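The listed protein sequences correspond, in order, to chains U and X. Just so you know, we're using my numbering here: the first sequence kicks off at 14 and counts up by one. Just so you know, we're using my numbering here: the second sequence kicks off at 7 and counts up by one. Glycine is no exception: its CB is placed at the ideal position from the N, C-alpha and C atoms. The model shown is predicted, which means the values in this text are computed figures rather than measured ones. Structure first, then comments.
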Amino acid sequence: MATLEIKNLHARVAEEDGEQILRGVDLEVKSGEIHALMGPNGSGKSTTSKIIAGHPAYEVTDGEILLHLEDDDFGDLEIPDDARTWNLLELEPNERAALGIFLGFQYPAEIEGVTMTNFLRTALNAKIDEREELLFGEDDEEEEEEAGYDTSPMEGNVDDGEVGVAEFQKLLKEKMELLDMDEKFMQRYLNAGFSGGEKKQNEVLQAAILEPSIAVLDEIDSGLDIDRLQDVSKGINALRDEQGTGILQITHYQRILEYVEPDHVHIMLDGKVVKSGDASLASDLEDKGYDWVREEVYEAA
Amino acid sequence: MSAQLPANLSAETVREISDARDEPEWLLEARLEALEALDELELPDVIQTPGRRWTNLEALDFESLVDPLNQADETTRESPEGVVVLPFTEALSEYGDLIEERFGSVVDPKSNYLTALSAALFTTGTFIYVPEGVDAEDVKIRAEMNSRSLFSHTLVVTEKSSSVTILEAIESGDSVDDARYFSNLVEIDAGENSYVQYGSLQNLDEETYTYSLKRADAGTYSTVNWIEGNLGSRLTRSDVETELNGEASETKIVGAFFGHDDQHLDVNARVWHKAENTTADLVTRGVLDDEARSVYEGVQDVGRDAWSTNSYQRENTLMLSDQSEADASPKLIINNHDTEASHAASVGQVDAEDLFYMVSRSIPEEQARNMLVEGFFVPVLEEIAVDEFRDDLEELIAARLR
Numbered sequence: 014m015a016t017l018e019i020k021n022l023h024a025r026v027a028e029e030d031g032e033q034i035l036r037g038v039d040l041e042v043k044s045g046e047i048h049a050l051m052g053p054n055g056s057g058k059s060t061t062s063k064i065i066a067g068h069p070a071y072e073v074t075d076g077e078i079l080l081h082l083e084d085d086d087f088g089d090l091e092i093p094d095d096a097r098t099w100n101l102l103e104l105e106p107n108e109r110a111a112l113g114i115f116l117g118f119q120y121p122a123e124i125e126g127v128t129m130t131n132f133l134r135t136a137l138n139a140k141i142d143e144r145e146e147l148l149f150g151e152d153d154e155e156e157e158e159e160a161g162y163d164t165s166p167m168e169g170n171v172d173d174g175e176v177g178v179a180e181f182q183k184l185l186k187e188k189m190e191l192l193d194m195d196e197k198f199m200q201r202y203l204n205a206g207f208s209g210g211e212k213k214q215n216e217v218l219q220a221a222i223l224e225p226s227i228a229v230l231d232e233i234d235s236g237l238d239i240d241r242l243q244d245v246s247k248g249i250n251a252l253r254d255e256q257g258t259g260i261l262q263i264t265h266y267q268r269i270l271e272y273v274e275p276d277h278v279h280i281m282l283d284g285k286v287v288k289s290g291d292a293s294l295a296s297d298l299e300d301k302g303y304d305w306v307r308e309e310v311y312e313a314a
Numbered sequence: 007m008s009a010q011l012p013a014n015l016s017a018e019t020v021r022e023i024s025d026a027r028d029e030p031e032w033l034l035e036a037r038l039e040a041l042e043a044l045d046e047l048e049l050p051d052v053i054q055t056p057g058r059r060w061t062n063l064e065a066l067d068f069e070s071l072v073d074p075l076n077q078a079d080e081t082t083r084e085s086p087e088g089v090v091v092l093p094f095t096e097a098l099s100e101y102g103d104l105i106e107e108r109f110g111s112v113v114d115p116k117s118n119y120l121t122a123l124s125a126a127l128f129t130t131g132t133f134i135y136v137p138e139g140v141d142a143e144d145v146k147i148r149a150e151m152n153s154r155s156l157f158s159h160t161l162v163v164t165e166k167s168s169s170v171t172i173l174e175a176i177e178s179g180d181s182v183d184d185a186r187y188f189s190n191l192v193e194i195d196a197g198e199n200s201y202v203q204y205g206s207l208q209n210l211d212e213e214t215y216t217y218s219l220k221r222a223d224a225g226t227y228s229t230v231n232w233i234e235g236n237l238g239s240r241l242t243r244s245d246v247e248t249e250l251n252g253e254a255s256e257t258k259i260v261g262a263f264f265g266h267d268d269q270h271l272d273v274n275a276r277v278w279h280k281a282e283n284t285t286a287d288l289v290t291r292g293v294l295d296d297e298a299r300s301v302y303e304g305v306q307d308v309g310r311d312a313w314s315t316n317s318y319q320r321e322n323t324l325m326l327s328d329q330s331e332a333d334a335s336p337k338l339i340i341n342n343h344d345t346e347a348s349h350a351a352s353v354g355q356v357d358a359e360d361l362f363y364m365v366s367r368s369i370p371e372e373q374a375r376n377m378l379v380e381g382f383f384v385p386v387l388e389e390i391a392v393d394e395f396r397d398d399l400e401e402l403i404a405a406r407l408r
């Protein structure tokens, strides 16, 4: 079981006189749990998610983000004792991803010329390679250099990687069926010309392929019609139920929480998590609004 | 003309070249005429921005670069059935009249100093003839340059309702210590309702200065598509042009370039709409790394009689280094109001959010960047009809990235 532990996280925009956005975020998400992170615009939810993933636009000024791993987190792969706790802030974004952190983007990038199949298979193989290197310090530079050549933007590295083309396509097909996604997406360019809903479905699909320990989903529910919301919710529940992924779901709305029931709900205000509770907190919030939280928090203080 | 002529560039030299090739009198005369014109001709125009002349052709030392009597190349030609693909020396006996009629009819040797020099001195090149109704795929011409200077001339003639796809590749063979000069003129005379795709892949070594002018005369209902790939050379000046002379004729001018180190690429795409219902699509994608520079000029000229014209132009340059430089000027000249046209150019870096998106999915940064660059070229790759050309271009792009 993996645990993502955010302690006293302070961060600002990484530029001169950059605005301070996070002012002491504390949060803990374990594998298999579903957390909802709610809060008004500008409270720091999206920033928190981007910093977990390692976005270069933010600078952490205090606090830490730790990832604790346990034996069963990577299937049969044995995790050395000295590689069980990681300070994510010291790792590159791709290394964080390799250790099981996934960020579902609010606005996924549209990338022309790179097919879904190529992108996802490359990502899966990169994850497997990088994870081994991080856990066991294996250095297979030589192999990597050779691999770079037989590449194609349409198909990717045909011979390269742990997971071959045929095996990957089978996996992709399975996961797409689960999410009720059309197979035609496989050969389309990554998010290019996708509708808003298709992009969000694609984020969940990517999580299903990469099997993260902890998935942070930034407003995965915004702008979805009811059918798509249900597909996406089904996908998120499957991540938790079938892969034991811990979910940190950032949302403005109670609506998705009817389909993806959270174990814990947290409310952010002004760069801090100010209130936590169970699913009922989300309904209270829906009824009473953020002013209620604000009053409660600042009166108590 | 200000350029210093090589000492042995004389009528005698030109006669010697022509004699050695056993050429007919008319071709010798054409060479001599081009030679004589040199005195009055100027170098091709280059883009100028305030305080800067982007491509300094004047600085080329033709005296040492051009060695007319020692030209050498090794060229292989693959031709599918039904189409004639021959060096001029072999084609002249059987197709002499046709060649005499069409040679120099699309590219005027007196266009500028460099075209005239090329017309006077060429020793290699190909005559491609596609008879009426013949469909030919994958004509492949691969040339290796083995001398200090090399002048090439290619003529493509397609008869009514024929079609052909062509790859012309040029690279360096034997190494020569000093700078080199490669000149390439290509003319296409596209007959009624014919289709030509002419792909060109230039990957010369980085001691070579390259001048290339490719021009097509598109007949009624014909389509001429150009794919121009430039990866090699120290300096390249490339002009790819189509005159849409026939009613309902079409052209695509698709270009890809990838410069690194201190390469200088001056690439130009131009189309003249001269008849009704003509369509043009100009697409160029370029990547620059290190201290490489690029200059692009795209011209869409819609003539007074070109009713119902469609004309589009896009140029995008991607910079991988802070030291690289690019200038792009898309130009649209419209003399007929019944025109649908657009033009756009952009110069930018790899998008930081695109990169972060990929990196957040475990892909290491450099690999992610490479995938984005390869993806950037896909709109060009997708246009290529000759598989071998596409594979080669992909491979060269991949190799340059790693």
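Below-8 Å beta-carbon distance, residue i vs any chain X residue
| i | result |
| --- | --- |
| residue 140 of chain U | yes |
| residue 33 of chain U | no |
| residue 223 of chain U | yes |
| residue 156 of chain U | Caution is warranted here: a pLDDT of 49 is assigned to residue 156 of chain U, below 50, making its placement in the model unreliable, and no coordinate value can be reported. |
| residue 179 of chain U | no |
| residue 293 of chain U | no |
| residue 96 of chain U | no |
| residue 146 of chain U | no |
| residue 143 of chain U | yes |
| residue 25 of chain U | no |
| residue 106 of chain U | yes |
| residue 162 of chain U | In this prediction, residue 162 of chain U has a pLDDT of 45, which is less than 50 and means its spatial position is unreliable; what the coordinates show is noted afterwards. It does; some Cβ of chain X falls within 8 Å. |
| residue 159 of chain U | The predicted position of residue 159 of chain U is uncertain, since its pLDDT is 43 and thus under 50; no value can be drawn from it. |
Listed by chain order, chain X residues near residue i by CB distance under 8 Å
| i | result |
| --- | --- |
| residue 125 of chain U | 381, 382, 384, 385 |
| residue 219 of chain U | 367 |
Beta-carbon neighbours of residue i, restricted to chain X and to distances below 7 Å
| i | result |
| --- | --- |
| residue 118 of chain U | 363 |
| residue 68 of chain U | 362 |
| residue 77 of chain U | Here the premise fails: no neighbours, minimum Cβ distance about 20 Å. |
Minimum Cβ-Cβ distance from residue i to chain U less than 8 Å
| i | result |
| --- | --- |
| residue 377 of chain X | yes |
| residue 393 of chain X | no |
| residue 355 of chain X | no |
| residue 406 of chain X | no |
| residue 329 of chain X | no |
| residue 373 of chain X | yes |
Given residue i as reference, the closest of the options once Cα atoms are compared
| i | options | result |
| --- | --- | --- |
| residue 49 of chain U | U/144, U/266, U/311 | U/266 |
| residue 231 of chain X | X/351, X/56, X/388, X/63 | X/388 |
| residue 51 of chain U | U/253, U/255, U/233, U/252 | U/233 |
| residue 34 of chain U | U/298, U/285, U/308, U/304 | U/285 |
| residue 210 of chain U | U/19, U/189, U/242, U/111 | U/242 |
| residue 67 of chain X | X/98, X/184, X/371, X/282 | X/184 |
| residue 192 of chain X | X/255, X/247, X/179, X/161 | X/161 |
| residue 128 of chain X | X/375, X/79, X/312, X/368 | X/79 |
| residue 269 of chain U | U/253, U/252, U/247 | U/247 |
| residue 255 of chain X | X/370, X/349, X/227, X/271 | X/227 |
| residue 79 of chain U | U/224, U/91, U/15 | U/15 |
| residue 355 of chain X | X/390, X/325, X/258, X/344 | X/325 |
| residue 58 of chain U | U/280, U/184, U/288, U/309 | U/280 |
| residue 69 of chain X | X/53, X/101, X/186 | X/186 |
Neighbour list for residue i in chain U, Cβ cutoff strictly below 7 Å
| i | result |
| --- | --- |
| residue 360 of chain X | 122, 124 |
Opposing strand residues paired with residue i [DSSP bridges]
| i | result |
| --- | --- |
| residue 319 of chain X | X/288, X/349 |
| residue 336 of chain X | X/304 |
| residue 161 of chain X | X/133, X/193 |
| residue 209 of chain X | X/177 |
| residue 182 of chain U | The partner list for residue 182 of chain U (beta bridge, DSSP) is empty, contrary to what the question assumes. |
| residue 231 of chain X | X/203, X/258 |
| residue 150 of chain U | Its beta-bridge partners do not exist; DSSP assigns none. |
Under 9 Å by beta carbon: chain X residues contacting residue i
| i | result |
| --- | --- |
| residue 136 of chain U | 364, 367, 368, 369 |
| residue 110 of chain U | 365, 366, 367, 368, 369 |
Residues that residue i contacts on chain U, provided the C-beta gap is smaller than 9 Å
| i | result |
| --- | --- |
| residue 269 of chain X | By Cβ distance, chain U contributes nothing, its closest Cβ being about 22 Å from residue 269 of chain X, past 9 Å. |
Cβ of residue i within 8 Å of any chain B Cβ
| i | result |
| --- | --- |
| residue 228 of chain U | The chain labelled as chain B is not found among the protein chains of the depicted structure, namely U and X. |
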